[in-house]
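Read through the structure below, which is laid out as structure tokens, and then see the notes.
2 protein chains.
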Amino acid sequence: MMEYNVYASACPTRMIFDRLSDKWSLLILHRLRGQPVRFNQLLREIDGISQKMLSQTLKNLERDGLIKREAFPTVPVTVEYSITPLGKTLSSTVGILIRWAQDNGDAVLAAQAEYDERLAS
Amino acid sequence: MMEYNVYASACPTRMIFDRLSDKWSLLILHRLRGQPVRFNQLLREIDGISQKMLSQTLKNLERDGLIKREAFPTVPVTVEYSITPLGKTLSSTVGILIRWAQDNGDAVLAAQAEYDERLAS
DNA sequence: TGATCTAGTTACCTAAAGGAAACTGGGTCG
DNA sequence: CGACCCAGTTTCCTTTAGGTAACTAGATCA
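Protein chains in written order, with the numbering used here: chain A, -19 to 101; chain B, -19 to 101.
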């Protein structure tokens, strides 16, 4: 298996890395790690997201093969978004990042405070 | 066990997501996980970054306590950036994310191609 | 016939991120 | 004295991500 060079701008890895750095992708992926969720349910639960960005981000995630969209001919129509096996592997690595943040958030805030105080004095 | 709300802005997880949405932070952090690296060396190796963004991002990472800046009175002056113990713990989880991208880049590209073809037909 | 539910799309606008390139500044070499 | 190193900073400009709000569309209810 070939290893990509993450620091090269043309690297596919880098492209994915850039894609993951948009505002809502990881949040949505994380929300979908359990049961399937409907569009408006996501809209309600993910605080601050707009319809436009939700729709756009879902489309991108689906294109990347990370989530799956499924429409049901109920009344009114229901659309469920669920995570794919591929997306599941990503969301679990994201989970590790989230755990890091929970464990080290205080340390970062402390470092920032110290840095700012050093500058002020 | 307390359930955290990732979707609220005051959540410690928010910090990680902010860092992720920063174009260069994690890339730089990842590059520094080994030996200390000089400013211009980073500039050369991280393809596409500008002096301004490198300087700015390094400053932020230092403020977060993730990296350390050290200047040596050599001729010409040398500035070395190295990772801190705190940064090391983060970079190792970022490493997992990068490994994911390396392992699954092809799968994502394939999914994109399939998605695009489905739309075109 | 109009209101309401779902699940979106489209038009318009703004703030901010980021790129390009010139400029600073300290130091040494020739 | 000017030229050339490193490590930045500053200015100016463009792009684009993302927010707001209005609009589409199919179907049912009242």
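In this text, a Cβ means the ideal position worked out from N, Cα and C, and glycines have one as well.
Please read all numbers here as calculations on a predicted model, not as lab measurements.
Assigned exposure category for residue i - 16 Cβ within 10 Å defines buried
i             : result
residue -19/B : Caution applies to residue -19/B, whose pLDDT of 33 falls short of 50 and renders its modelled position unreliable; the model cannot decide the point.
residue 30/B  : exposed
residue 54/B  : exposed
residue -17/B : Low confidence applies to residue -17/B: its pLDDT is 46, below 50, so where it sits in the model is not reliable, and the reading given next is rough at best. With fewer than 16 other Cβ atoms within 10 Å, it is exposed.
residue 98/A  : exposed
Alpha-carbon spacing of residue i relative to residue j, whole angstroms
i             : j             : result
residue 15/A  : residue 52/A  : 16 Å
residue 90/A  : residue 100/B : 52 Å
residue 41/A  : residue -5/B  : 22 Å
residue 5/A   : residue 48/A  : 14 Å
residue 84/B  : residue 45/A  : 11 Å
residue 25/B  : residue 8/B   : 10 Å
residue 69/A  : residue 1/B   : 20 Å
residue -12/A : residue 22/A  : 35 Å
residue -2/B  : residue 37/B  : 13 Å
residue 67/A  : residue 13/A  : 8 Å
residue 35/B  : residue 93/B  : 37 Å
Close beta carbons around residue i, own chain, < 6 Å, minus the five adjacent residues each side
i             : result
residue 19/A  : 59
residue 119/A : With chain A covering -19 to 101 only, the question about residue 119/A has no answer from this structure.
residue 81/B  : none
Cβ shell of residue i (< 8 Å), same chain only, five flanking positions each side left out
i            : result
residue 10/A : 71, 74, 75, 78
residue 33/A : 3, 4
Chain-order list of residues whose beta-carbon lies under 7 Å from that of residue i (same chain, five-residue window excluded)
i            : result
residue 57/A : 51
residue 87/B : none
Identified DSSP bridge partners for residue i
i            : result
residue 51/B : 59/B
residue 18/A : 60/A
For residue i, the nearest candidate out of the options (CA to CA)
i            : options                : result
residue 96/A : 68/B, 39/B, 1/B        : 39/B
residue 64/A : 80/A, 43/A, -3/A, 82/A : 43/A
residue 28/B : 34/A, 32/A, -9/A, 13/A : -9/A
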